[in-house]
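Step one of this worksheet: look at the structure below.
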Amino acid sequence: MRELTDFQFVAGANGETALAFSGPMTVASLGQADARLRAAGDAFVEIDLSAVTRIDTVGAWTVWRLARDTGARITGCSDEAQKLVDAIRRADAGAPEVPERRLPLFSRVPAHVGMVMIGLGQGAVQVLGFMGQIIQTCGILIRHPSRFRMKALVHQMELVGVNALAIIGLMSFLVGIVIAQQGAVQLRQFGAEIYTVNLVGRLTLRELGVLMTAIMVAGRSGSAFSAQLGTMKLTEEVDAMRTIGVSPVEALVIPRILATMIMMPLLGFYSAFIGIIGGAFLSSMTLGIPFFTFLARIQEVVPLYDVWVGLTKAPVFGLIVAIAGCYQGMQVKNNAEEVGTRTTAAVVMAIFMVIVLDAFFAVFFTEIGWG
Amino acid sequence: MADADISIRVRGVRNQFGSHVIHEGLDLDVRRGEILGVVGGSGSGKSVLMRTIIGLQIPQEGEVEVLGHSITDARDDRDIDIRSRWGVLFQGGALFSTLTVAENVEVPLREFYPEITDELRQEIARYKVLLSGLPAEAAAKYPAELSGGMKKRAGLARALALDPELLFLDEPTAGLDPIGAAAFDQLILRLQQTLDLTVFLITHDLDTLYEICDRVAVIADRRIIAVGTIPELLALDHPWIQEYFNGPRGRAAQDAAERHEAAKVMAMTLFPQDGDAPSAQKA
């Protein structure tokens, strides 16, 4: 049990009231006394410290605050207390009260909405600027191919593509099984179970293979880009690059974007392929369609343009995922929390844009007769 | 010397990372109320020693006792109940980047003394910021908005939040301009005198050693090879110590300290009533 600060009002000789503290006045003991003290009013002209056993700056602050606000005089100070109160008085004298930074609620909400709107507008301009930088850098790299960073590209291709094979394969296999199983349940009602092959084949090659891969790559690599570049911004690595004359867009952004654009079609096709294997596996187990018959049927029922649809969308999705990740990463400044929020923003932005574009692609390809 | 006068006692400490031995048989005593400077070459384990004393690094061997409590016997962080009695200023300030300066100072107060009212806690944070020599406006700023020197002062304000008895400073003047460094030295000295602090100070700054340190401990060859006042150290003929204090920079710092001392004596004789003034103005 720690000792607490106590105080009482005592009447002096000439009818004046004094506030007498007793016990230790330290950060550990003042907490409860302070609340009572603030409620006790200011009807005293003297602050008596003679019964105080120990004092630190928190005690000295309390004494000084009371003396300052009420004009009471301080008596019974030990040398130590006097020294501390003097130090506090010196620090406090002339320092302005800092106004609250927070606005009242009624102004805060519209202010926040306004800030968000301005932020959105600025964000759009900045994204445009970022894309401009990328195009400009591409131009420079085409004129000076020797400056292209092949090693970085290959490294990123490994991270984005090769290292993702296992997880994307597993995911696609399971999705293939689910489509085949759910499709079969519905199609059985029409006695059209054989159309499960069409369903699995067309769906995975046209839509799901690429879309699921894009979402997975956004989660795996888009977030990694953002976090990496963001941390490099915080530690001033990006600034260091700039001063050495290395363009961060050239060295960091272009290899990542290119690697993602190259790997996305490969991963998308791989995902569709594994998805079909999954469908074939389930069909052979439960629908009585033999494994190789399923694969042979795929060739007959899936038009080749379904493959082209998937492969056309893939690099575009890759571009979006990589730009979102790199852009958000390069926007990080100030603090560690920003890395987190920017990474989240990168993934959300990428997935959202991918799905929006996918809808456009669906309409587009149907219109040109690849439905 | 009586036990009560020793704030930090380090005995036979051995620290090792992999096969790389940092400390071996390291002994050190820090007396109550002194400013002890710790010097040593880069990589000699000054920061590791500080981390060992405050319990962030568990030594392979040896004992560390701070204010009479054993650090090395503590099982985990919660066992070390003297955390509220020391303050640490890390090299880069280590401020929490998502909190304002004032909120940074409030963190230890909230943690250890939740019963303190919001009002008092904010007042404490405000005057600690002022005591550390920052302007009042700085309290509402985020660390990213501060300069390097201001970050150090903000870090110091947080280290002082709980009115500690012991203050650990890791290279407080590194990266500051000479004027800022001198002001920071004076600030530490003034705070140490006002608050009766014991200060464990890691530094490379020779001016700091001459200006404010009561004693200096030298780390070399994996242990503390000497502890003493600078004249005492100069009397030893260890090659590293001689090179450190008698190299060109050491000489310059020594001359500066002598000039400063002479000026102080002169000021004292001429204006005896405000002998404190020169240092107060500087800070």
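Residue numbers (our numbering), protein chains in the order written: chain A, 789 to 1159; chain B, 2 to 284. Virtual Cβ for every residue (Gly too), placed ideally from N, Cα, C. It should be emphasised that the depicted structure is a prediction, and the values quoted were computed from it without experimental measurement.
{"Query": "Assuming B:Ile23 is part of the beta strand (DSSP E), what are its boundary residues?", "Result": "21-32"}
{"Query": "My output table needs one value for A:Arg937: the three-state DSSP class, helix, strand or coil.", "Result": "coil"}
{"Query": "Kindly indicate if chain A contains any beta-carbon less than 8 Å away from that of B:Tyr128.", "Result": "yes"}
{"Query": "Does the CB of A:Gln820 have a neighbour CB from chain B at under 8 Å?", "Result": "yes"}
{"Query": "What span of residues does the alpha helix (DSSP H) with A:Ser1014 cover, start to end?", "Result": "1011-1022"}
{"Query": "For chain A, is any of its Cβ atoms less than 8 Å away from the one on B:Asp164?", "Result": "yes"}
{"Query": "By Cβ distance below 8 Å, which residues in the same chain neighbour A:Met1141 in space, the five residues on each side in sequence not counted?", "Result": "Ile1108, Ala1112"}
{"Query": "Answer with yes or no whether the minimum CB distance from A:Ala1150 to chain B is below 8 Å.", "Result": "no"}
{"Query": "Report the three-state DSSP secondary structure of A:Phe978 (helix, strand or coil).", "Result": "coil"}
{"Query": "Could you give the C-beta distance for A:Glu834 and A:Ala860, rounded to a whole number, given that I count them as a contact under 8 Å?", "Result": "6 Å"}
{"Query": "Looking at the unbroken alpha helix (DSSP H) that takes in B:Thr174, where does it start and where does it end?", "Result": "Counting along the chain, B:Thr174 falls outside any alpha helix (DSSP H), and DSSP gives it neither H nor E."}
{"Query": "Quick check on the DSSP output: the beta strand (DSSP E) that includes A:Glu834 runs from which residue to which?", "Result": "834-843"}
{"Query": "Any heavy atom of the ligand MN inside 7 Å of the beta-carbon of A:Met1029?", "Result": "Of the ligands one can find in the structure shown there are none, so the ligand MN has no counterpart to examine."}
{"Query": "Near A:Asp794, which residues of its chain fall below 6 Å by C-beta distance, leaving aside the five closest residues on each side in sequence?", "Result": "Ser810, Gly811"}
{"Query": "Would you say B:Leu177 and B:Gly149 are within 8 Å of each other, going by their C-beta atoms?", "Result": "yes"}
{"Query": "Are there 16 or more other CB atoms within 10 angstroms of the CB of A:Val904, so buried, or fewer, so exposed?", "Result": "exposed"}
{"Query": "Using a Cβ-Cβ cutoff of less than 6 Å, which residues in the same chain neighbour B:Asp208 once the five nearest sequence positions on both sides are dropped?", "Result": "Ala254"}
{"Query": "May I ask you to report which of helix, strand or coil DSSP gives B:Phe97?", "Result": "coil"}
{"Query": "Which residues in chain A have a C-beta closer than 8 Å to the C-beta of B:Ala158? List them in chain order.", "Result": "Those do not exist, as B:Ala158 stays about 11 Å from chain A at its closest Cβ, beyond 8 Å."}
{"Query": "8 Å is my cut-off, CB to CB: does B:Asp275 come that close to chain A?", "Result": "Caution is warranted here: a pLDDT of 47 is assigned to B:Asp275, below 50, making its placement in the model unreliable, and the coordinate value is therefore given only provisionally. Chain A, which has no Cβ nearer than 8 Å to the Cβ of B:Asp275, makes this no."}
{"Query": "What alpha helix (DSSP H) runs, 4 residues minimum, are completely inside the stretch 209-277 of chain B?", "Result": "231-236, 240-247, 249-271"}
{"Query": "Which residue or residues does DSSP assign as beta-bridge partners of B:Gln17?", "Result": "B:Val22"}
{"Query": "Nearest by alpha-carbon distance to A:Phe1057: which of A:Lys1021, A:Glu995, A:Val966, A:Ile1077 is it?", "Result": "A:Glu995"}
{"Query": "Can you give me the Cβ contacts of A:Ala1110 inside the same chain, cut-off strictly under 6 Å, excluding the 5 residues immediately before and after it?", "Result": "Arg1044, Ile1045, Thr1048"}
{"Query": "Could you pull the DSSP bridge partners for A:Arg1085 from this structure?", "Result": "A:Arg1085 pairs with nothing; no bridge assigned."}
{"Query": "Mind checking the stretch 853-879 of chain A against chain B and listing, in chain order, the residues whose C-beta falls within less than 9 Å of any C-beta there?", "Result": "Arg853, Glu868, Lys871, Leu872, Asp874, Ala875, Ile876, Arg878, Ala879"}
{"Query": "Flag this pair as yes or no: are the beta carbons of B:Asp164 and A:Val846 separated by less than 8 Å?", "Result": "yes"}
{"Query": "Would you say A:Pro884 reaches chain B, if we count a Cβ-Cβ gap shorter than 8 Å as a contact?", "Result": "yes"}
{"Query": "Going by DSSP, what residue range makes up the beta strand (DSSP E) through B:Glu146?", "Result": "It is not in any beta strand (DSSP E) - B:Glu146 carries neither H nor E in the DSSP assignment."}
{"Query": "Taking B:Leu98 as the query, report the chain A residues whose CB atoms sit under 8 Å from its CB, ordered along the chain.", "Result": "Checking the displayed sequence, the identity of residue 98 of chain B turns out to be Ser instead of Leu. Neighbours of B:Ser98 on chain A, chain order: Asn1122, Asn1123, Ala1124, Glu1125."}
{"Query": "Nearest CA to the CA of A:Phe1149: which residue from A:Ala1102, A:Val1136, A:Glu1126?", "Result": "A:Ala1102"}
{"Query": "Where does A:Asp794 fall in DSSP's three states?", "Result": "strand"}
{"Query": "How is A:Pro755 classed by DSSP in three states: helix, strand or coil?", "Result": "Here chain A comprises residues numbered 789 to 1159, so residue 755 of chain A is not present and cannot be evaluated."}
{"Query": "Is the beta carbon of B:Leu234 less than 8 Å from the beta carbon of B:Val200?", "Result": "no"}
{"Query": "Mind checking if A:Trp849 is an interface residue toward chain B, Cβ cutoff 8 Å exclusive?", "Result": "yes"}
{"Query": "Could you list which residues in chain B have their beta carbon closer than 9 Å to that of A:Thr814, in chain order?", "Result": "Asp164"}
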